[in-house]
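>
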Amino acid sequence: MLMSDTRAWLEIDLSKISHNVKEIQKLLPSTSKIMAIVKANAYGHGDVACAKELSRCGIDFFGVSSVDEGISLREGGIREPILILGYTPPVHFHQVIQHDLIQTFLSLDYAKKANAWCKEHGVIMHGHVKVDTGMSRLGIITQQQDYRIEEVKEVYHLPHIAVDGIFSHFSVSDGLDEDNKAYTRKQIMLFDQVLKDLEDAGIDVGIRHLQNSYGILNYPDLKYDYVRPGLLFLGATSDDAIDTITHPDFQPIMQLKANISMVKTIQPGVCVSYGRHFTSERISRIATVSIGYADGYPRSVSNKGACALLHGKRVPIIGNICMDQMMLDVTDIKHVKEGDVVTLFGCDGDEKLPIDELTRLAQTINNETFCWMSARLPRIYK
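With this note's numbering applied, the sequence shown corresponds to residues 1 to 382, in that order.
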């Protein structure tokens, strides 16, 4: 697909994934491997395309959120183990078996349902048990106030499921203040206590994994079997303004671009876009760009100083962002015309516009901004 073939698109440079994987590996003990999290369509980047490139980089385990996402990878040709990190309704247990997926056993009751279903159908379901060390989301509670280790043991002993691993999830591994560091250290201590109690009971716990992306960046020396990066191999963190203990040289792989559809000259005192939040103070050149909030560019950043790149320079986005279009003030840029390419985040010449700037204006995290990128935006892979 050529840039002139579409109005707006995402450019994704898969060649940078290898570099980012190596940057992650530099942080880890030699015994720790990477389980690449490609849920939510690899945070909008394209799950199958990214997983294939990750596989070429030697990644041998993937994580997704749902059975549908696991099936998408299987149908895309991914043959490595795939862990479903979330809930699969029992009515879809057959798909877990059919597509050779690994299910998270998120509670004792849920594991019993899986066990009963497997007994009825004469199959074995493989899975990892999740323990809740402080996130209070999914998992068997194993916190100081309520330590249900006997429930974890019971899951391992159910006869018609096979527990191949165990994991938990950090809630504040991105926080480097003393309170959050203490909370994370407590989660590590609780997870290690679970492992010890299981091993003391003669249970082979299987694969152990705990660190998410910020767990890798801030607690890289933990020696579990796998780590679970999501954004990191995509070249991003949740926000580059969040400080971390380590500072790898990640390279973002995604850029958002669109074409200019019209350029017009307006007089002083003319209003632009819905709501009349911008009124020209001089004779101005206004470029309309063929992208809007239906494509995932957040309307919430309207009139907050958001910029785009054009001809290697920053230009202001003016007025309210519309569903399918936005307007730029290009008065100070020469020779702007229909069909020119605008970069909404990424690079244009020597000028860079990181997604982090857009994310902070929208008062969210890059995880969400990436996921906003609409399915109607073609992904153009390099």
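The C-beta atom is built at its ideal place from N, Cα and C for all residues, glycine as well.
1. Touching or not, the stretch 95-108 and the stretch 121-140, by the rule of three or more beta carbon pairs under 8 Å?
2. Taking the alpha carbon of K16 as the reference point, which residue from G235, R299, G346 has its own alpha carbon closest?
3. Taking 7 Å as the limit between beta carbons, can you name the residues of its chain near K153, skipping five residues before and five after?
4. Would you mind listing the alpha helix (DSSP H) stretches within the stretch 330-363 that are 4+ residues and don't spill past its ends, in chain order?
5. Can you have a look at P252 and say buried or exposed, based on whether 16 or more other CB atoms are within 10 angstroms of its CB?
6. Going by beta carbon distance, what residues of the same chain come within less than 6 Å of H94, once the five residues before and after it are set aside?
7. Short of 7 Å in beta carbon distance, which residues of its chain neighbour V67, apart from the five on each side in sequence? Order them along the chain.
8. R379 bridges to which residues according to DSSP?
9. Do E23 and F278 have their CB atoms nearer than 9 Å?
10. Here's the rule I'm using: 16 or more other beta-carbon atoms within 10 Å means buried, otherwise exposed. How should P220 be labelled?
11. Label M373 either buried or exposed according to how many other C-beta atoms from any shown protein chain fall within 10 Å of its C-beta, with 16 as the threshold for buried.
12. Restricting to runs no shorter than 3 residues, where is the beta strand (DSSP E) found entirely within the stretch 41-77?
13. Determine, using beta-carbon pairs with one atom in the stretch 287-298 and one in the stretch 252-268, whether at least three such pairs fall under 8 Å.
14. Please state whether DSSP places M1 in a helix, a strand or coil.
15. Express the C-alpha separation of C271 and F62 in angstroms, rounding to a whole number.
16. Suppose you measure from the CA of R376 to the CA of A40; what does that come to, to the nearest Å?
17. Could you check what DSSP says for A258 in three-state terms: helix, strand or coil?
18. Quick check: G58 and I12, are their CB atoms within less than 9 Å of each other?
19. Can you give me the Cβ contacts of D179 inside the same chain, cut-off strictly under 7 Å, excluding the 5 residues immediately before and after it?
20. I'd like the span of the beta strand (DSSP E) that includes R314, first residue to last.
21. Could you tell me whether the Cβ atoms of G139 and L190 are closer together than 9 Å?
22. Residues in the same chain with beta-carbon distance under 6 Å from I318, minus the five sequence neighbours each way, listed in chain order, please.
23. Would you mind reading off the limits of the alpha helix (DSSP H) that contains L27?
24. Alpha carbon to alpha carbon, how far is G312 from S284?
25. Quick one: using the 10 Å Cβ neighbour count with 16 as the cut-off for buried, is R56 buried or exposed?
26. Check the DSSP bridge columns for D132 and list the partner residues they point to.
27. Quick check on the DSSP output: the beta strand (DSSP E) that includes H157 runs from which residue to which?
28. Roughly how many angstroms separate the alpha carbons of T343 and I34, rounded to a whole number?
29. At what residues does the beta strand (DSSP E) containing S284 begin and finish?
30. Quick one: what does DSSP say F390 is sitting in, helix, strand or coil?
31. Whole-angstrom Cβ separation of Y111 and I78, contact assumed at under 8 Å?
32. Please classify K33: does DSSP put it in a helix, a strand, or coil?
33. In whole angstroms, what separates the C-alpha of E53 from that of R228?
34. Which residue comes first and which comes last in the alpha helix (DSSP H) that contains V163?
35. Measuring alpha carbon to alpha carbon, tell me which of I321, C322, A306 ends up nearest Y315.
Reading off the structure:
1. Contact holds: three or more Cβ-Cβ distances are below 8 Å.
2. The residue labelled residue 16 in the question sits at position 16 within the sequence shown. Of the listed residues, the one whose Cα sits closest to K16 is G235.
3. Here the question's residue 153 lines up with position 153 in the sequence shown. So the list reads L198, A201, I203, once near-sequence residues are dropped.
4. 355-361
5. Reading the sequence shown from its first residue, position 252 is the one you call residue 252. Buried, since its Cβ has 16 or more Cβ neighbours within 10 Å.
6. Here residue 94 corresponds to residue number 94 of the sequence shown, with the count starting at 1. Cβ within range, chain order: n/a, list empty.
7. Taking the sequence shown and counting its residues from 1, the one referred to as residue 67 is at position 67. Closer than 7 Å at the Cβ level, and outside the excluded window around V67, lie I84, T88, H92, Q95, V96, L101.
8. Residue 379 sits at position 379 when you count from the first residue of the sequence shown. In DSSP, R379 forms a bridge with L10.
9. Counting from one through the sequence shown, the residue named residue 23 turns up at place 23. Counting from one through the sequence shown, the residue named residue 278 turns up at place 278. For E23 and F278, no; Cβs fall outside 9 Å.
10. Residue 220 sits at position 220 when you count from the first residue of the sequence shown. It is buried - the Cβ of P220 has at least 16 other Cβ atoms within 10 Å.
11. Your numbering for residue 373 matches position 373 in the sequence shown. Flag for M373 reads buried.
12. 62-64
13. yes
14. As a working note, residue 1 is residue 1 in the sequence shown. Low local confidence applies: a pLDDT of 44 at M1 is under 50, so the model's placement there is unreliable, with the coordinate-based value given in what follows. M1 falls in the coil class under three-state DSSP.
15. Position 62 of the sequence shown, counted from the first residue, corresponds to residue 62. Position 271 of the sequence shown, counted from the first residue, corresponds to residue 271. F62 and C271 have their C-alpha atoms spaced approximately 50 Å apart.
16. Here the question's residue 376 lines up with position 376 in the sequence shown. Here the question's residue 40 lines up with position 40 in the sequence shown. Near 15 Å, if we compare the C-alpha coordinates of A40 and R376.
17. For this step, residue 258 is matched to residue 258 along the sequence shown. Secondary structure at A258: strand, using DSSP grouped into helix, strand and coil.
18. As a position in the sequence shown, residue 58 is number 58, starting the count at 1. As a position in the sequence shown, residue 12 is number 12, starting the count at 1. Not closer than 9 Å, so no.
19. Taking the sequence shown and counting its residues from 1, one reaches residue 179 at position 179. If we look at D179 and ignore the five residues flanking it on each side, it has no Cβ neighbours.
20. Working through the sequence shown from its first residue, we reach residue 314 at position 314. Unbroken beta strand (DSSP E) run through R314: 313-318.
21. On the sequence shown, position 139 is the one that residue 139 refers to. On the sequence shown, position 190 is the one that residue 190 refers to. Going by C-beta atoms, G139 is not nearer than 9 Å to L190.
22. Looking up residue 318 in the sequence shown gives position 318. Same-chain partners within the cutoff: V272, F278, M327, D329.
23. Walking along the sequence shown from the start, residue 27 turns up at place 27. Start and end: 15-27.
24. In the sequence shown, counting from the first residue as 1, residue 312 sits at position 312. In the sequence shown, counting from the first residue as 1, residue 284 sits at position 284. If I take the Cα positions, the gap works out to 20 Å.
25. Here residue 56 refers to the residue found at position 56 of the sequence shown. Result: exposed.
26. For this step, residue 132 is matched to residue 132 along the sequence shown. In DSSP, D132 forms a bridge with I141.
27. Mapped onto the sequence shown, residue 157 falls at position 157. Premise fails: H157 lies in the alpha helix (DSSP H), 149-157, not in any beta strand (DSSP E).
28. Along the sequence shown, read from residue 1 onward, the residue named residue 343 stands at position 343. Along the sequence shown, read from residue 1 onward, the residue named residue 34 stands at position 34. So the two alpha carbons sit approximately 32 Å from each other.
29. Start at 1 with the first residue of the sequence shown, and residue 284 comes out as number 284. Run containing S284: 284-289, per the beta strand (DSSP E) assignment.
30. Residue 390 cannot be examined here, being either before or after the span of the chain that is shown, 1 to 382.
31. If you number the sequence shown from 1, residue 111 lands on position 111. If you number the sequence shown from 1, residue 78 lands on position 78. Sequence check: residue 111 is Ala here, not Tyr. Actually they do not touch by this definition, with Cβ atoms about 26 Å apart.
32. Looking up residue 33 in the sequence shown gives position 33. Strand at K33.
33. Here the question's residue 53 lines up with position 53 in the sequence shown. Here the question's residue 228 lines up with position 228 in the sequence shown. Those two C-alpha atoms are separated by around 17 Å.
34. In the sequence shown, the residue the question calls residue 163 occupies position 163. Taken as a continuous stretch (DSSP letters only), V163 belongs to no alpha helix (DSSP H), being part of the beta strand (DSSP E) at 161-167.
35. Here residue 315 refers to the residue found at position 315 of the sequence shown. It is Val, not Tyr, that sits at residue 315 in the sequence shown. Residue A306 is the option with its Cα nearest to V315.
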